[in-house]
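Undergrad: Got a structure here, written out as structure tokens. Questions coming.
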Amino acid sequence: MNRAEIEFSVLKRQCLDCRVPDSATLKQKIAQWEQHRNEKIVKADWQFKTEDARIKLARLYPSVTIPRQSRGLSVVSRSKRPIGR
Numbered sequence: 002m003n004r005a006e007i008e009f010s011v012l013k014r015q016c017l018d019c020r021v022p023d024s025a026t027l028k029q030k031i032a033q034w035e036q037h038r039n040e041k042i043v044k045a046d047w048q049f050k051t052e053d054a055r056i057k058l059a060r061l062y063p064s065v066t067i068p069r070q071s072r073g074l075s076v077v078s079r080s081k082r083p084i085g086r
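Numbering of the sequence shown is given in my numbering, commencing with residue 2 and proceeding in unit increments.
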């Protein structure tokens, strides 16, 4: 989800949780919400747990496989980026 989608989601939950009689009232409610939101200077917390990162970013983690014929390790990367950088 990008920042704009997050803001619209918050707007919907915090401001648009009931029926609004007309567009003038809607504009007023949104303007008040926006002013309050900007005064609070809300920042996004983009952190997530390691387990979530492994799922969400699986394509960036290399897969380690052990072939049956050999006891040596081979690394198979699902990413197009070189390993080790």
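All C-beta atoms, glycine included, are put in the ideal place defined by N, C-alpha and C. Every value quoted in this text rests on a predicted model; they were computed, and no experiment measured them.
(1) I need the boundaries of the beta strand (DSSP E) containing Val65, first residue and last residue.
(2) Roughly how many whole angstroms lie between the Cα atoms of Ala59 and Gln36?
(3) Mind checking whether Ile1 and Cys16 have CB atoms under 9 Å apart?
(4) Here's a check: name, in chain order, each residue in its chain whose Cβ is nearer than 6 Å to the Cβ of Leu27, leaving out the five neighbours to either side.
(5) So, helix, strand or coil for Ala5, using DSSP?
(6) I think Ala45 touches Ile7, with their Cβ atoms under 8 Å apart; what is that distance to the nearest whole Å?
(7) Would you tell me roughly how many angstroms separate the C-alpha atoms of Arg38 and Arg14, rounded to the nearest one?
(8) Beta carbon of Trp1, beta carbon of Leu12: below 9 Å?
TA: A quick look at the data gives this:
(1) Start and end: Ser64 to Thr66.
(2) Those two C-alpha atoms are separated by around 39 Å.
(3) The structure shown has nothing for residue 1, since the chain only spans 2 to 86.
(4) Cβ within range, chain order: Val21.
(5) In this structure, Ala5 counts as helix in the three-state DSSP scheme.
(6) That belief holds up - the Cβ atoms of Ala45 and Ile7 are roughly 7 Å apart, short of 8 Å.
(7) Arg38 and Arg14 have their C-alpha atoms spaced approximately 13 Å apart.
(8) Nothing in the structure corresponds to residue 1, since the chain is present only between 2 and 86.
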